[in-house]
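Shown next, in structure tokens, is the structure this report addresses.
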Amino acid sequence: MVSPLGEGYDVAFDYGDRTGYEPISDVDRKEFHEQGFLLLRNVLTEDHRAALEAAVDRVYAEEKAKGNTTKDGTLHLLGFLERDELFGDLLTHPIAFPYMWGLAGWNIYSHHNHLDVTPPALEPEKPYWGWHQDGYRQNSDPETMDPNLPRPMFSLKVAYVLSDLSETGRGATKVIPGSHLWNSLPRPADTTVHNPDPEGTVEITAKPGDAFIFDRRQWHSRSTNLSTITRKMLFVGYTYRWIRPLDELHIDKDGEWWNNRTPVQRQLCGEGTHTANYWGINWDGYIDDEIPLRKELKERGLLNRNIPWLR
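Under our numbering, think of the first position of the sequence shown as 6, with each following residue one higher.
See below:
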């Protein structure tokens with residue numbers, strides 16, 4: 006595996022004394038639960054962002070050479086984590102990771118992650134209706150007949166912004182704040198013509214190095230890149246270990262990338278000791294305190310019986 010920083014590199018980016026195990030604030034938790042997303046400023050240091058962008062550029066060139074980009078050069082690459090050392094370390098990013106375990110708990114892993122490169126559109130925007138919730142059958146199988154009872158969250162994502170999306174029209178994600186509590190969204194009768202975005206739509210404008218977190222139920226949509234800037238993003242999703250993976254990873258368990266992963270990162274890549282372990286327990290039916298993330302949080306005094314997913 007080649008790194009953008011050179012073979013065998015060992016770089017520690019400066020995040021001060023942040024460890025990834027600082028509890029999130031009650032204010033952030035409240036805003037996430039009310040709005041369904043959080044925009045976090047300056048999550049990546051500039052040297053870290055630049056290194057990640059170089060890694061993305063390398064992967065993009067490899068995929069383009071294989072013919073895996075669209076006609077306009079767009080790449081939506083699933084399961085990208087093992088493609089670079091830097092990507093694996095994003096699993097426990099010192100600023101973003103507390104939101105993952107703080108909002109979803111300790112029995113989690115990354116079931117879905119994707120690398121997106123969106124060059125400027127080659128032609129004017131065509132009519133489309135891209136509004137959706139993530140989760141596929143998670144939006145149908147556990148459905149309630151009560152339209153006022155929202156479905157479970159099940160998963161959330163953190164999106165790292167590598168390019169300048171500080172202005173609209175650059176292909177940024179659009180969301181409707183608060184819509185994670187809606188089980189449906191009215192769809193236009195005719196989607197072959199241009200339709201206005203739903204009322205309340207916000208385009209997430211962000212600077213390089215920012216990140217945003219969103220509940221998978223949040224109604225969101227892609228947007229067309231009408232600018233001269235290529236959009237570059239990394240999305241890392243987290244869900245419960247008792248839910249099957251969406252993306253297929255191709256991790257070499259004898260290779261350097263896996264050898265360099267911490268026990269918590271290995272859990273987040275899907276490792277477990279046995280089937281019951283994915284449910285958070287041992288075969289005796291009691292909680293397994295050796296599950297790496299639970300063990301780490303317990304040793305740091307961060308478990309909290311008042312928060313169900315941190316019990």
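Backbone N, C-alpha and C fix where the C-beta goes; we use that ideal spot for every residue, glycine too.
The alpha-carbon of P297 is positioned some 43 Å away from that of D77. Cβ neighbours of R46 within its own chain (closer than 6 Å, five residues either side excluded): D215. At a Cβ-Cβ threshold of 7 Å, R249 and Y26 do not count as neighbours. Here the stretch 65-79 makes no contact with the stretch 96-108; the two share fewer than three CB pairs at distances below 8 Å. Counting only residues of its own chain and dropping the five nearest sequence neighbours on each side, E148 has a CB closer than 8 Å to the CB of R156, N188. Shown here, L315 sits in a helix according to DSSP, grouped into three states.
Check the Cα spacing between T75 and each of Y114, H119, A126, Y104: the tightest is with A126. The DSSP-derived three-state label of T280 is helix.
When DSSP reads this structure, H116 sits in no beta bridge, so it has no partner.
Taking C-beta atoms under 8 Å as the contact rule, Y243 and I113 qualify, at a distance of about 5 Å.
A Cβ-Cβ distance of about 6 Å is found for the pair L307 and P28, placing them in contact under the 8 Å criterion. In the structure shown, N144 falls within a helical segment according to DSSP collapsed to helix, strand and coil.
Cβ contact annotation for G84 (same chain, cutoff 7 Å, sequence separation greater than five): N118, D252, E253, L254, in chain order.
Taking every protein chain shown into account, the CB of T178 has 16 or more other CB atoms within 10 angstroms, so this residue is buried. In the three-state scheme derived from DSSP, where H, G and I count as helix and E and B as strand, H53 is classed as helix. Assignment of beta-bridge partners to M238 by DSSP yields D121, V166. The beta carbons of L57 and L49 sit about 7 Å from each other, so the pair counts as a contact at 8 Å.
By the criterion of a C-beta distance shorter than 6 Å, G277 is surrounded in its chain by Y283, once the five residues flanking it on both sides are discounted.
As computed with DSSP, T173 is found in no beta bridge at all. When Y291, E36, W134 are compared, the shortest CA-CA separation from A194 is found for W134. For the pair R175 and R227, the CB atoms are not nearer than the 7 Å cut-off. Counting along the chain, no alpha helix (DSSP H) covers D202, and no H or E run does either. Residue range 80-83 is occupied by the beta strand (DSSP E) that includes H81. Beta bridge pairing from DSSP links H225 with H137, V180. Here G41 is near D220, since their CB atoms are less than 7 Å apart.
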